[in-house]
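Trainee: Handing you this structure, nothing more for now.
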Amino acid sequence: MSIDPGRIPDLAVAKSEIDVNRSRFFISGDLLERRVLEERKWCAVRAVGRFLKREQRQEVIEIDKAKVSAPPKPPQVFTEIPVEQRYFSQVSADKRECSHCVVPGRALCSTCGGQGFLTQQVNRYSSATDSMRTETVQIDCGSCNGGYTFCVPCAGTNSVHQARVHYITDETHVLDRVFIPGGFGSSLAIDFMEHAKELEGTAELTIEPKRAGSAYRDQAFREEDCAGFQYGDALKRARADARFFLKDSLKHELHLYAIPFLELTFHRSKETVLLWRKDDGTHEALTHEGLSTPQS
Ligand SMILES: [Zn+2]
Ligand SMILES: [Zn+2]
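Residue numbers (our numbering): 6 to 301.
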């Protein structure tokens, strides 16, 4: 993990930037000038990725013609729309009589159940009684010819192969979440997460935890913080989520970004400000407008 120091939030640097007022939440310059009562260093983790996954179901069907083939290759790109394909893994050598045919080459109509007509209730006005009454009438089915339809499985031939067909759906699943440390209890969390969704942060993190070298215990890698900014449980949760998406994916693109931020509480006003750096290195800040009235 290489940390870009130019992206570590720094109050002193922030004060020197006029940019700090550019947030959609206005912070008056003098708020940052006030004495800081408490400064806490947190680090959020943004997980963003695309995962191509294949779902499939299979069944044995009767079919007129089929060829055994290898499963189709997954798409080369992360498709926006699910790609559906099918292939046959087994096809019987011999043909047998089609079980869908009622008479050779013809199947029973599924619309009318083989009756050739449909029954409908209609309301009719009777002038004799000057009232409406309900009558049952038969109308032509329209989907068949006398209750029979062309038999699709055997293509009207009355003989079929038995084949194992696999229906495949290749679909891109998208992960885009910001994990904030569990200990960070500010009500600004939701708004901060929205802002953090735009950032690539200070460092890119690995999906697998760094393992402490057993031979050199003192060199054990600690993954509690990013340059002193605490992950809390955010990194662990982000990794768990990423692993869930990674499972069974055919191909993926995944990034975990460390996004350090400061939680500043100011003297007297007790107002909380979150301060972080955008990817261009300038600071951005978030506060509750009018959460408490400055008393000075
Ligand atoms: Zn048939
Ligand atoms: Zn019919």
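We put the beta carbon where it would ideally sit given N, CA and C, even for glycine.
A quick note: this is a predicted structure, and the numbers were derived from the prediction, not measured.
(1) Would you identify the three-state DSSP class for Ile-173, choosing helix, strand or coil?
(2) Determine which residues share a DSSP beta bridge with Ala-208 and list them.
(3) Could you tell me whether the Cβ atoms of Leu-267 and Glu-44 are closer together than 8 Å?
(4) By alpha-carbon positions, which one of Gly-233, Ala-208, Lys-215 and Gly-190 ends up nearest to Leu-318?
(5) Residues in the same chain with beta-carbon distance under 6 Å from Arg-29, minus the five sequence neighbours each way, listed in chain order, please.
(6) Buried or exposed for Gly-11, please, with buried defined as at least 16 other CB atoms from any protein chain shown within 10 angstroms of its CB.
(7) What would DSSP say about Lys-46, mapped onto helix, strand or coil?
(8) Measure the C-alpha to C-alpha separation of Ser-136 and Gly-119 and round it to an integer number of angstroms.
(9) Using only the heavy atoms of ligand 2, determine whether one of them is closer than 7 Å to the beta carbon of Thr-116.
(10) Take the Cβ of Leu-255 as the centre, count every other Cβ of all protein chains shown within 10 Å, and call the residue buried at 16 or more, exposed below.
(11) Going by other Cβ atoms of all chains shown within 10 Å of its Cβ, with 16 needed for buried, is Lys-58 buried or exposed?
(12) For Glu-199, does the three-state DSSP call read helix, strand or coil?
(13) List the residues that DSSP assigns as beta-bridge partners of Asn-128.
(14) With respect to the alpha helix (DSSP H) encompassing Val-242, which residues constitute its N-terminal and C-terminal limits?
(15) Let me make sure I understand the geometry here. Which of Gln-126, Tyr-130 and Tyr-153 has the alpha-carbon closest to that of Ala-142?
(16) Return helix, strand or coil for Ile-13, following the three-state DSSP convention.
(17) Any heavy atom of ligand 2 closer than 7 Å to the Cβ of Ser-136?
(18) Whose CA, out of Ala-245, Gly-188 and Val-170, lies closest to the CA of Glu-64?
(19) Examine the Cβ distances between the stretch 143–158 and the stretch 205–215 and report whether three or more of them are shorter than 8 Å.
(20) May I ask you to report which of helix, strand or coil DSSP gives Ala-194?
Mentor: Quick answer:
(1) Looking up residue 173 in the sequence shown gives position 168. Three-state result, Ile-173: strand.
(2) Translated into positions along the sequence shown, residue 208 becomes position 203. Per DSSP, Ala-263.
(3) Indexing the sequence shown from 1 puts residue 267 at position 262. Indexing the sequence shown from 1 puts residue 44 at position 39. Yes. Within cutoff.
(4) The question about residue 318 has no answer here: the residues shown for the chain are numbered 6 through 301.
(5) What you label residue 29 is simply residue 24 of the sequence shown in a count that begins at 1. For Arg-29, the predicted structure reports a pLDDT of 46, less than 50, and the residue's modelled location is therefore unreliable. A value from the coordinates is still provided. Taken in chain order, the list of residues that qualify is empty.
(6) Numbered from 1 along the sequence shown, position 6 holds the residue referred to as residue 11. It counts as exposed.
(7) Translated into positions along the sequence shown, residue 46 becomes position 41. Three-state result, Lys-46: strand.
(8) For this step, residue 136 is matched to residue 131 along the sequence shown. For this step, residue 119 is matched to residue 114 along the sequence shown. Each residue's alpha carbon lies about 35 Å from the other.
(9) Translated into the one-based positions of the sequence shown, residue 116 becomes position 111. For ligand 2, at least one heavy atom lies less than 7 Å from the Cβ of Thr-116.
(10) For the purposes of this step, residue 255 is identified with residue 250 of the sequence shown, where counting begins at 1. Under this definition Leu-255 is an exposed residue.
(11) For this step, residue 58 is matched to residue 53 along the sequence shown. Lys-58 is buried by the Cβ-count criterion.
(12) On the sequence shown, residue 199 is found 194 positions in, with the first residue counted as 1. The answer is helix: DSSP assigns Glu-199 an H, G or I state.
(13) For the purposes of this step, residue 128 is taken as residue 123 along the sequence shown, with counting starting at 1. Thr-139.
(14) Taking the sequence shown and counting its residues from 1, one reaches residue 242 at position 237. Checking the sequence, you will find Arg at residue 242 rather than Val. Its alpha helix (DSSP H) spans residues 239–251.
(15) Taking the first residue of the sequence shown as 1, we reach residue 142 at position 137. At residue 142 the sequence reads Val, which differs from the Ala that was named. Answer by Cα proximity: Gln-126.
(16) The residue given as residue 13 occupies position 8 in the sequence shown. Note: Ile-13 maps to coil in three-state DSSP.
(17) Position 131 of the sequence shown holds residue 136. Ser-136 Cβ: outside cutoff for every heavy atom of ligand 2.
(18) Position 59 of the sequence shown, counted from the start, is the residue given in the question as residue 64. The residue with the shortest Cα to Cα distance from Glu-64 is Val-170.
(19) no
(20) For the purposes of this step, residue 194 is taken as the residue at position 189 of the sequence shown. Note: Ala-194 maps to helix in three-state DSSP.
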